[in-house]
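First the structure, in the form of C-alpha cells, and then the observations on it.
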Amino acid sequence: MAPVIGFDFDECLAQAYSLVPFVLLLDRLVPRALKSPSVSSVTRGILEKSTNAFYLRLALNEVETKGTFLRPSFLTLLPKLLALRQQGLVEHLFLYSNNGIGNLLEVLDHILALTLIQKPYSVPQDRLLKDSNGRLHCLSPRASLDDPCRAVEPKDPNGFREKSVSGISACIGSAVNVDELYYFDDTRMHTGLMNAIQNRYIVVKKYEIRMANKKLAEMFIESFPSNAFYPGSKEANVLLTQLQILLPAFQPNGKESVKTLAEKLAKELSKFSPLAGGRVARNWNAAEIAADERVLDVGIGSVFSYGQVTNNNAAGSIFRAPIGGSRSKQTRRRKRKTRRNE
Numbered sequence: 001m002a003p004v005i006g007f008d009f010d011e012c013l014a015q016a017y018s019l020v021p022f023v024l025l026l027d028r029l030v031p032r033a034l035k036s037p038s039v040s041s042v043t044r045g046i047l048e049k050s051t052n053a054f055y056l057r058l059a060l061n062e063v064e065t066k067g068t069f070l071r072p073s074f075l076t077l078l079p080k081l082l083a084l085r086q087q088g089l090v091e092h093l094f095l096y097s098n099n100g101i102g103n104l105l106e107v108l109d110h111i112l113a114l115t116l117i118q119k120p121y122s123v124p125q126d127r128l129l130k131d132s133n134g135r136l137h138c139l140s141p142r143a144s145l146d147d148p149c150r151a152v153e154p155k156d157p158n159g160f161r162e163k164s165v166s167g168i169s170a171c172i173g174s175a176v177n178v179d180e181l182y183y184f185d186d187t188r189m190h191t192g193l194m195n196a197i198q199n200r201y202i203v204v205k206k207y208e209i210r211m212a213n214k215k216l217a218e219m220f221i222e223s224f225p226s227n228a229f230y231p232g233s234k235e236a237n238v239l240l241t242q243l244q245i246l247l248p249a250f251q252p253n254g255k256e257s258v259k260t261l262a263e264k265l266a267k268e269l270s271k272f273s274p275l276a277g278g279r280v281a282r283n284w285n286a287a288e289i290a291a292d293e294r295v296l297d298v299g300i301g302s303v304f305s306y307g308q309v310t311n312n313n314a315a316g317s318i319f320r321a322p323i324g325g326s327r328s329k330q331t332r333r334r335k336r337k338t339r340r341n342e
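Counting in full-length UniProt numbering, the sequence shown runs without a single skipped number right up to 342 at its last residue.
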C-alpha cells in the first residue's frame, strides 16, 4: 500500500469556529425544511443556488487572503498530495477529527476543494472527489467524533475518543500499515497513535485565525436574494425561519439596506460566536506561512521521496532521500584529476 495521510480538523487543517452557525443553517436546518411539500421547486432551487454561491464566495476569499479559516500552508501542500493520489503514489488523504459536527467537516472540505481549483493552486477537478450531491471534495473519509466507523474507539465520560490505528483502519475500510501512515495534528493527546507511527505523527502549531463575524455576515447577505430576508416571502419562510432557530433576535423588517442587514446579522452572530466578534487576530504573514511550510515539508518529505523512487520503477515502498547530485560531479572531477596525474 502507498502512504496514507490523515489530517486533524480543528486548529490544524482549519479554524472553523465562526462558520458553525452557517453550516448548521445551510447543511442541516434548511435542507430539512426544504423537504416540506409546501416548499416549491422554484424556492428550493433559489436557496440551493444561493447556498452554493455563499460557499464559493468563502472559497474565493480564501484565495484572496491566501488562507483565513483554512491553514495557508496546507493550501500549498495539498495540490502536491492530490497529484500523488491521482498517480496512485498516495493511497488515501483523509480527515479524522474529534469535532462532533459531521456537517462541518463535509462543508469545509467542499470549500477547500472550491479553493484549490482556483488560481494560483489550479488543481484539476479530476484530482478531486465528487459526492452524490455533486459537491467537490479533497479528502475521504471525513470521520467526525461519532462517525459509526469510530465505534472501535471507546468514548470517555468527557466525550473524548483516543484516535488509533484501528479506528483509522475501520474508517478507511482496510487495514493500514503503521509504517505507511502519516497524521497531522496540533496536539499530543493521542499517545497511542503517536507511539504507533512515531515521527510520522506530525505536530503542527495550533491554527487560531478566526474569520470575523462581520465579514461572514456581509458575504452571507450578499449571496442570497433580498427576498430571503423579507418576512413573509417564500424564501424567508424557509431561510429566515430556520436562521431564527439559531439567532432568535435576528428580526429584519424588510426595509434594511444590505449594509444595515449585515450589521444586524453580525451583532447576533457575535452572541453565538463571541470569539469572532469585534477585532480578530490578523492573518499569518509570509514569514509565518514559510515557517509552517518547512515543518510540513520535513514531516511529509519521505512521501515525495517515495513518489520519486516509485516513478523510477523501484520495487516496494522505499522511504529514503533522493540520491545523486553533487557527489557524482565530485567523482567526475576526481577521475579527470587522476587522468592528468597518470
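No residue lacks a Cβ here, since even glycine has one placed at the ideal position from N, Cα and C.
Using a Cβ distance threshold of 9 Å, Ile5 and Leu81 count as a contacting pair. Distance between Lys163 and Leu84, taken at the CA atoms: about 25 Å. Measuring C-alpha to C-alpha distances from Phe304 to each of Leu105, Asp109, Gln87, Ala287 identifies Gln87 as the nearest. Counting only residues of its own chain and dropping the five nearest sequence neighbours on each side, Asp292 has a CB closer than 8 Å to the CB of Arg71, Pro72, Ser73, Val204, Lys205, Trp284. Boundaries for Val42: no beta strand (DSSP E) harbours it, while the alpha helix (DSSP H) harbouring it runs 41-65, taken from the DSSP string. The C-beta of Ala151 has fewer than 16 other C-beta atoms within 10 Å across all chains shown, which makes the residue exposed. In the structure shown, Val280 adopts coil according to DSSP, grouped into three states. In the same chain as Gly299, and ignoring 5 residues on each side of it, the C-beta atoms closer than 6 Å to its own belong to Ile202, in chain order. Judged by DSSP in its simplified three-state form, Ile111 adopts helix. Collapsing the DSSP output to three states places Ile202 in a strand. The secondary-structure analysis by DSSP pairs His190 with nothing; it has no beta-bridge partner.
Here Lys130 carries a strand assignment [DSSP, helix/strand/coil]. If you look at Phe22, you'll find it in the alpha helix (DSSP H) that goes 20-24.
Non-local beta-carbon contacts of Met1 in its own chain, meaning distances under 7 Å to residues more than five positions away in sequence, involve Glu91, Asn177, Glu180 in chain order.
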